[in-house]
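Asker:
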Amino acid sequence: MLNQITLSFIFMIKEEYNFIKTKTLKPMIFYSPSCPHCKDLAPLYKDAAKEVREKNVRVVVAEVDCSENQEICQKENITKYPTLKFYKDGEYKAEFLEKRTVENITKFIIEKSRALINIVHGKEAVEFIKSFKVNDQKLLIGYFNRIGDVDYKTFEKFAKKHGDEFIYAAAGDKAASEAVGGVVVPGIVMYKDYDEAIARNTHLSDENIEKFVKIHRIPMLDILDKENLKTYYDTEIPLAIFFYEKDIQYEKHKADLYHISKLYRDRLYFVATKTLLKDKNKFNKPLNFGIYDPKNPDLFYSFPKGKRMNQANLVQFGEAYFRNEVVPQIIEEPIKARVYENNVVALNTKNYNEIVLDEDRDVVVLYYSPNCQYSQKLFPIWDYLGSRYLYQRQNITIAKFDAYNQKIPKSSPWNNLECK
276 MLNQITLSFI
286 FMIKEEYNFI
296 KTKTLKPMIF
306 YSPSCPHCKD
316 LAPLYKDAAK
326 EVREKNVRVV
336 VAEVDCSENQ
346 EICQKENITK
356 YPTLKFYKDG
366 EYKAEFLEKR
376 TVENITKFII
386 EKSRALINIV
396 HGKEAVEFIK
406 SFKVNDQKLL
416 IGYFNRIGDV
426 DYKTFEKFAK
436 KHGDEFIYAA
446 AGDKAASEAV
456 GGVVVPGIVM
466 YKDYDEAIAR
476 NTHLSDENIE
486 KFVKIHRIPM
496 LDILDKENLK
506 TYYDTEIPLA
516 IFFYEKDIQY
526 EKHKADLYHI
536 SKLYRDRLYF
546 VATKTLLKDK
556 NKFNKPLNFG
566 IYDPKNPDLF
576 YSFPKGKRMN
586 QANLVQFGEA
596 YFRNEVVPQI
606 IEEPIKARVY
616 ENNVVALNTK
626 NYNEIVLDED
636 RDVVVLYYSP
646 NCQYSQKLFP
656 IWDYLGSRYL
666 YQRQNITIAK
676 FDAYNQKIPK
686 SSPWNNLECK
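So for the sequence shown, the numbering used here puts the first residue at 276; every next one is plus one.
1) Cβ of Lys449 versus every heavy atom of the ligand SAM: is any distance shorter than 7 Å?
2) For the segment 584-604 against the segment 523-538, are there 3 or more C-beta pairs whose distance is under 8 Å?
3) Buried or exposed: where does His396 fall if 16 or more other Cβ atoms within 10 Å of its Cβ makes it buried?
4) With distances taken Cα to Cα, identify the nearest neighbour of Ala337 among Asn331, Thr358, Lys350.
5) Could you pull the start and end residues of the alpha helix (DSSP H) that Val327 belongs to?
6) Quick one: is Pro372 buried, meaning 16 or more other Cβ sit within 10 Å of its Cβ, or exposed?
7) Could you tell me how far apart the beta carbons of Val460 and Lys449 are, in whole angstroms, since I believe they sit closer than 8 Å?
8) For Gly581, count neighbouring Cβ atoms within 10 angstroms of its own Cβ and tell me buried if that reaches 16, exposed if not.
9) Taking the alpha carbon of Gly661 as the point to measure from, which residue in Ser406, Tyr576, Ala621, Ala454 has its own alpha carbon closest?
10) Going by beta carbon distance, what residues of the same chain come within less than 7 Å of Ile353, once the five residues before and after it are set aside?
11) Below 8 Å, how does it come out for the segment 500-513 and the segment 433-452: are there three or more Cβ pairs, yes or no?
12) To the nearest angstrom, how far is it from the Cα of Thr548 to the Cα of His528?
13) Looking at the structure shown, is Ser686 part of a helix, part of a strand, or coil, going by DSSP?
14) Between which residues of its own chain and Ile385 is the CB-CB distance below 7 Å, once the five residues before and five after are set aside?
15) Give the DSSP bridge partners of Thr358, in chain order.
16) Out of Asn393, Glu402, Glu399, state which residue places its alpha-carbon closest to the alpha-carbon of Glu431.
17) Would you give the residue range spanned by the beta strand (DSSP E) that Asn393 belongs to?
18) Quick check on the burial criterion: 16 or more other C-beta atoms within 10 angstroms. Buried or exposed for Asn618?
19) Looking only at C-alpha atoms, which of Tyr466, Pro513, Gly423 sits nearest to Phe597?
20) Work out the CA separation of Pro603 and Leu574 for me, nearest whole Å.
21) So, Met495 versus Tyr533, is the Cβ gap smaller than 8 Å?
22) Is the beta carbon of Tyr627 closer than 8 Å to that of Asp677?
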């Protein structure tokens, strides 16, 4: 049976399983009388209940004795004791997984008890935003002609889908939009604790809200590491990466990078890293800044070597990239022995057979002598061909072989060529 919990401070608990399915907010503690941890933690739950009550949060806290209610506990997938779960509108919402302290339990109950969308009026919007900045969370506010209109329903649909990722608020009067600086109505505004930027969107379709949030949930300038790398990959938006070795280098360029990131917000994500992706064995030359597109993982677009890294040059580089005027470097290739020089594969006796005699692709080879004037005239043409067919390199390879300082392998059909 469902017992009246020692923590209950609002309503008496009914003794039916249907209690879970009622349209109220409720934390539920699943326990076993024989569990020593349950007995040890009981005072924590009592103190948490007191804290919640003092903050005027009205929820029903209930407990389930799993030794007497095995069917209920099985339906709720209870595998350990004690387990604290939160239910809203008759549906499971979240499980408490943090360290069991009064502070954490109280925070969990209060956060899960919060209304999905907080309705604010007039200058309340300003105070709500100020309080949010203290709480260190992302805030999404919708400004509407009327609470409950079509645009509000679209916003509400998004909030239900994404749940706890944001704190949501909505205003249905012009006074609120004017109080925060004249937001266009209808519209949504995102506030984030990790940068000062305020992102706005006035096209409130399902698709546009999803796209807006996907783009702007990312910081304007972030430190790239192994933990957040997948997040950036999943966006499929190219990364503008600044490589640095000392923190002072990052601090020197931080302001410029942050400013430029605003110009390319929906096209480039700006990040900085000390070591990630900077593998000298994978690149042809040292790096300081460049663009990496997760959709083309074996290419890297390097900022011109020797060029000053300031706002004007960064913008110039970004525009050149989007005009497809920046020639990329090769990061890695299926054939490990493949070495690129200006996007032309440099052949040697070790990689010759593996590359030239590859039946899965066409290979165009320049056999040359370094001191030959005719060969030298062909070098820039070959570099152009290398760049021209760079994106088709899975089907065609532009290569060169120094036939003066190396012997053409006997396996080659052209082993009788002479270079003088």
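Even for Gly, the Cβ is constructed at its ideal location relative to N, Cα and C. From a predicted model like this one, the values you see are computed outputs, not experimental measurements.
Answerer: Taking the coordinates as given:
1) Within the structure as shown, the ligand SAM is missing, as the structure has no ligands at all.
2) yes
3) Taking the sequence shown and counting its residues from 1, one reaches residue 396 at position 121. Exposed is the call here.
4) Walking along the sequence shown from the start, residue 337 turns up at place 62. Among Asn331, Thr358, Lys350, the Cα nearest to that of Ala337 belongs to Thr358.
5) The sequence position of residue 327 within the sequence shown is 52, counting from 1. Where Val327 is concerned, the enclosing alpha helix (DSSP H) stretches over 311-329.
6) In the sequence shown, counting from the first residue as 1, residue 372 sits at position 97. Contrary to the premise, residue 372 reads as Leu rather than Pro in this sequence. It counts as exposed.
7) As a working mapping, residue 460 is identified with position 185 in the sequence shown. As a working mapping, residue 449 is identified with position 174 in the sequence shown. Right, their Cβ atoms sit about 7 Å apart.
8) On the sequence shown, position 306 is the one that residue 581 refers to. Classification for Gly581: exposed.
9) Counting from one through the sequence shown, the residue named residue 661 turns up at place 386. Checking every option, the nearest Cα to that of Gly661 belongs to Ala621.
10) The residue labelled residue 353 in the question sits at position 78 within the sequence shown. Here the set comprises Phe305, Cys341.
11) Short answer: they don't touch.
12) As a working note, residue 548 is residue 273 in the sequence shown. As a working note, residue 528 is residue 253 in the sequence shown. The alpha-carbon atoms of Thr548 and His528 are separated by roughly 13 Å.
13) Taking the first residue of the sequence shown as position 1, residue 686 is located at position 411. Three-state result, Ser686: coil.
14) By one-based count along the sequence shown, residue 385 stands at place 110. Correct list, in chain order: Val327, Lys330, Val332.
15) To locate residue 358, count along the sequence shown from 1; it is residue 83. Thr358 is bridged to Phe305.
16) Locating residue 431 in the sequence shown gives position 156, where the first residue counts as 1. Across the set Asn393, Glu402, Glu399, the C-alpha of Asn393 shows the shortest separation from the C-alpha of Glu431.
17) Reading the sequence shown from its first residue, position 118 is the one you call residue 393. Here the beta strand (DSSP E) through Asn393 covers 392-395.
18) By 1-based counting over the sequence shown, the position of residue 618 is 343. So Asn618 ends up on the buried side.
19) As a first step, residue 597 is located in the sequence shown; it is residue number 322 there, counting from the start. If we check each option's Cα against that of Phe597, Pro513 comes out closest.
20) Indexing the sequence shown from 1 puts residue 574 at position 299. Indexing the sequence shown from 1 puts residue 603 at position 328. Going by C-alpha positions, Leu574 is about 6 Å away from Pro603.
21) As a working note, residue 495 is residue 220 in the sequence shown. As a working note, residue 533 is residue 258 in the sequence shown. Taking 8 Å as the Cβ cut-off, Met495 and Tyr533 qualify as a contacting pair.
22) Within the sequence shown, numbered from 1, the residue matching residue 677 stands at position 402. Within the sequence shown, numbered from 1, the residue matching residue 627 stands at position 352. In this structure, Tyr627 does not lie closer than 8 Å to Asp677 by Cβ.
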